[in-house]
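**Q** Residue 3 is where the sequence shown starts when you use our numbering, and the numbers rise one by one after that.
For every residue, glycine included, the Cβ atom is placed at its ideal position computed from N, Cα and C.
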Amino acid sequence: MREGERFAVVTGATSGIGRSVALGLARAGLRPILIGRSRERLANTAVAIAAAGQSPILIRADLSSLRETAAAAAEVLDQVPALDVLVNNAGILSPRRTETDEGHETTLAVNHLAPFVLTRALLPALRASGRGRVVQTGSSTSDQASIDPDDLELRRGWRMTRAYARSKLALLMVAIELAAAERDRGVDVNVVHPGLVATDLVRAGGIDQWVWRHILSRMALSPEQGADTLLHAALSPDFAGISGCYLKKRAPVLPNRRALDPGLRARVLAATERLAGAA
Numbered sequence: 003m004r005e006g007e008r009f010a011v012v013t014g015a016t017s018g019i020g021r022s023v024a025l026g027l028a029r030a031g032l033r034p035i036l037i038g039r040s041r042e043r044l045a046n047t048a049v050a051i052a053a054a055g056q057s058p059i060l061i062r063a064d065l066s067s068l069r070e071t072a073a074a075a076a077e078v079l080d081q082v083p084a085l086d087v088l089v090n091n092a093g094i095l096s097p098r099r100t101e102t103d104e105g106h107e108t109t110l111a112v113n114h115l116a117p118f119v120l121t122r123a124l125l126p127a128l129r130a131s132g133r134g135r136v137v138q139t140g141s142s143t144s145d146q147a148s149i150d151p152d153d154l155e156l157r158r159g160w161r162m163t164r165a166y167a168r169s170k171l172a173l174l175m176v177a178i179e180l181a182a183a184e185r186d187r188g189v190d191v192n193v194v195h196p197g198l199v200a201t202d203l204v205r206a207g208g209i210d211q212w213v214w215r216h217i218l219s220r221m222a223l224s225p226e227q228g229a230d231t232l233l234h235a236a237l238s239p240d241f242a243g244i245s246g247c248y249l250k251k252r253a254p255v256l257p258n259r260r261a262l263d264p265g266l267r268a269r270v271l272a273a274t275e276r277l278a279g280a281a
């Protein structure tokens, strides 16, 4: 570890937007810490980052498991004294309702609960950097989503797109709460909709995957283009001290009106804390 070295944690960095974000952070002089499920894919990304002049730290963890997510955070804290950037980018779009080994609905676990657990655990290191930044990958699907704090895991009325949109709305609402709590502690928190990006997120099979591969993907941004606003939020001096925003194309925009309701946000945060427990 070199004196003055700066660090950035990135999840979902083995492909798509996350890989482009990790490369962009490395080119900006930060040493990436990559958290992912596949050792082989982590190693492949590490080769690309090494070509950008950085030696990444690799941590294997399945982010559908809150225990493994917490263990990954502990490993980060063991290795770095301070953290400049955390990009929670890992996400899934599941074709059917499943539950993790810990009993959580899988879409919510990966898209919302794991980022919550990871961010909560890494706050001391983010504060220690002087002005740490948390960037969450959101989605415009949250813009019209509804949410029930008493049923975040959609035990009633589960649908693939509904579960995904609700998980991203929960992510956004809790990020706004966290931004307010951390405003005077040296941590900025923002949520970014990267746009329609050509990634391997849609692996549902059937008509959904066919539509994505043959129609929507032709209009999609490249992963590099999708990473642009995330990197802007993570690195730009223009965003120093800017927190609690929902960003599209580098600019703050109004989120779902439900995300502007303090009482509802507080209920979603409380439900998230109950589900995440002590992980």
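Using the Cβ count rule (16 or more neighbours within 10 Å means buried), how would you classify S67?
**A** In the sequence shown, residue 67 corresponds to position 65, counting from 1. Per the 10 Å Cβ criterion, buried.
**Q** Can you tell me whether DSSP reads I51 as helix, strand or coil?
**A** Within the sequence shown, the letter at position 49 stands for residue 51. Helix, per DSSP.
**Q** Pick helix, strand or coil for E226, following the three-state DSSP scheme.
**A** For the purposes of this step, residue 226 is taken as residue 224 along the sequence shown, with counting starting at 1. Correct three-state label for E226: helix.
**Q** Indicate the three-state DSSP secondary structure (helix, strand or coil) for R168 in the structure shown.
**A** Along the sequence shown, one-based indexing puts residue 168 at 166. Three-state result, R168: helix.
**Q** Output needed for R39: all residues of its chain with C-beta closer than 6 angstroms, excluding positions within five of it in sequence on either side, in chain order.
**A** To locate residue 39, count along the sequence shown from 1; it is residue 37. Around R39: D64.
**Q** Taking DSSP as the reference, what is the three-state secondary structure of G208?
**A** On the sequence shown, position 206 is the one that residue 208 refers to. Unreliable positioning characterises G208 in this predicted model, as indicated by a pLDDT of 46, which lies under 50. The coordinate reading is nonetheless provided below. It is helical.
**Q** Mind the definition here: the segment 192-199 touches the segment 225-245 only if three or more C-beta pairs lie below 8 angstroms; say whether that holds.
**A** Output reads yes: the segment 225-245 touches the segment 192-199.
**Q** What number of angstroms, rounded off, separates the C-alpha of D150 from the C-alpha of D186?
**A** Position 148 of the sequence shown holds residue 150. Position 184 of the sequence shown holds residue 186. Distance between the alpha carbons of D150 and D186: 30 angstroms.
**Q** Given this structure, state the Cα-to-Cα distance separating V191 from Y166, to the nearest angstrom.
**A** Along the sequence shown, read from residue 1 onward, the residue named residue 191 stands at position 189. Along the sequence shown, read from residue 1 onward, the residue named residue 166 stands at position 164. Looking at the two C-alpha atoms, the distance is approximately 21 angstroms.
**Q** So, at 7 angstroms on beta carbons, what are the nonlocal neighbours of G93 in its own chain, with the 5 sequence-adjacent residues on each side left out?
**A** Sequence index remark: in the sequence shown, residue 93 carries index 91 (1-based). Correct list, in chain order: G14, V112, N113, T139, L203.
**Q** Report, in whole angstroms, the separation of the C-beta atoms of L249 and V193, which I expect to be a contact under 8 angstroms.
**A** The count along the sequence shown starts at 1 and reaches residue 249 at position 247. The count along the sequence shown starts at 1 and reaches residue 193 at position 191. That pair is a contact at about 7 angstroms.
**Q** I'd like to know whether the C-beta atoms of L156 and A127 end up nearer to each other than 8 angstroms.
**A** In the sequence shown, the residue the question calls residue 156 occupies position 154. In the sequence shown, the residue the question calls residue 127 occupies position 125. No, the pair does not count as a contact, with Cβ atoms beyond the cut-off.
**Q** Can you tell me which of R43, T143, E7, E42 puts its alpha carbon nearest to the alpha carbon of L27?
**A** Along the sequence shown, read from residue 1 onward, the residue named residue 27 stands at position 25. Of R43, T143, E7, E42, the residue nearest in Cα terms is E7.
**Q** Look at the alpha carbon of D152 and the alpha carbon of V49, and state the distance between them as a whole number of angstroms.
**A** Working through the sequence shown from its first residue, we reach residue 152 at position 150. Working through the sequence shown from its first residue, we reach residue 49 at position 47. Taking the straight line from one Cα to the other gives about 44 angstroms.
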